[in-house]
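J.: For reference, the structure I am asking about is given below.
The following block contains the structure:
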C-alpha cells in the first residue's frame, strides 16, 4: 500500500534554531498538507499545497513557517527561529479523490516529532 | 465555538459490545465527513468516509444528519484491536480539514 514518508522521525533542537521537516507524498497525489498535533491536543491544520503553491493556510501558519517542493518528490516544512511551543508532532499528508464521493481523502505520514528545548 | 465537537470519553467496553460515538459540527456549509482512528503516538488513519445516505463497512456504521449537523459511528462486536482514539473529521472549504479532539475507546478482555 502506498505510504507517505516523513523524516526525521524525531528531532530535538534548541530554541531559536531552524528546522526542516521532510515528506515524500504518495506519488500520484496532487494535494499535500502539513498538520501538527501538540501532545494531548487535537490535530490542527497548518497548510495545503497544490500545483506548486500554497492553496490554503491557517492562522498558525505565520511568517515563521514556510513550505517548499524543491523537487518532484519532496515536500518540506521549514520552521524558523523555533519556540518552545512549536514542540509537537508534525504530520504530512497527501490526498486523492474518494472513488465514491469525489472528496479528497487524506493519507497521513507517521509524523515527525519536534522537541524544542 | 469549536468547529467539531466530540465526547472525549474514555469509553471502556467489554469485548463483543456495541459502542456508539457522536460528533457535531458547527459549519452548515461543511462538505465532507470522515472518521479516522489514531493509535497512541501514531498518525491518524482513515477508518471510513461518511456519506449522506449512511454507510457500513463490516462492523462499522457511519451516519450523517445534515439538518442536525451530527455524525455518528457505531462499532459492533468490539475487538481488542478497536482500542484507539476515534477522530471525527469535517472538511469545510477547499482543503482544510477540521479535527475533533477525539473519543478514546478501550476494549476490555
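Residue numbers (this note's numbering), protein chains in the order written: chain A, 59 to 175; chain B, 75 to 183. Glycine included, C-beta positions come from ideal geometry on N, C-alpha and C.
Residue 138 of chain B and residue 163 of chain A - do their beta-carbons sit closer together than 8 Å?
T.: In this structure, residue 138 of chain B does not lie closer than 8 Å to residue 163 of chain A by Cβ.
J.: Residue 111 of chain A bridges to which residues according to DSSP?
T.: Note: residue 111 of chain A sits in a beta bridge opposite A:108.
J.: For residue 112 of chain A, count the other beta carbons within 10 Å of its own beta carbon; 16 or more makes it buried, fewer makes it exposed. Which is it?
T.: Residue 112 of chain A is exposed by the Cβ-count criterion.
J.: Should residue 144 of chain B be labelled buried (16 or more other beta-carbon atoms within 10 Å of its own) or exposed?
T.: So residue 144 of chain B ends up on the exposed side.
J.: Is the beta carbon of residue 117 of chain A sitting closer than 8 Å to the one on residue 106 of chain A?
T.: Cβ distance not < 8 Å, so residue 117 of chain A and residue 106 of chain A don't count as in contact.
J.: Quick one: using the 10 Å Cβ neighbour count with 16 as the cut-off for buried, is residue 174 of chain B buried or exposed?
T.: Per the 10 Å Cβ criterion, buried.
J.: Could you tell me whether any Cβ in chain A is nearer than 8 Å to the Cβ of residue 144 of chain B?
T.: For residue 144 of chain B, the answer is no, since every Cβ of chain A falls outside 8 Å of its Cβ.
J.: Secondary structure at residue 129 of chain A, three-state DSSP: helix, strand or coil?
T.: Residue state, collapsed to three classes: coil.
J.: Evaluate residue 103 of chain B with the Cβ neighbour count: other Cβ atoms within 10 Å of its Cβ, from every protein chain shown; 16 or more gives buried, anything less gives exposed.
T.: That one is exposed.
J.: Which residues in chain B sit within 9 Å of residue 103 of chain A, going by Cβ to Cβ distance?
T.: Chain B residues near residue 103 of chain A: 169, 170, 171, 172, 173.
J.: Out of curiosity, what's the CA-to-CA distance linking residue 67 of chain A and residue 173 of chain A?
T.: Between residue 67 of chain A and residue 173 of chain A, the C-alpha separation is close to 11 Å.
J.: Would you say residue 117 of chain A lies against chain B (beta-carbon separation less than 8 Å)?
T.: With 8 Å as the cut-off, residue 117 of chain A does not count as an interface residue toward chain B.
J.: Taking C-beta to C-beta, are residue 175 of chain A and residue 73 of chain A nearer than 8 Å?
T.: Yes, the Cβ-Cβ distance between residue 175 of chain A and residue 73 of chain A is below 8 Å.
J.: Quick one: residues in its chain with C-beta nearer than 7 Å to the C-beta of residue 182 of chain A, no 5 flanking neighbours on either side, listed in chain order?
T.: The shown model of chain A, from 59 to 175, leaves out residue 182 of chain A, and the question about it has no answer.
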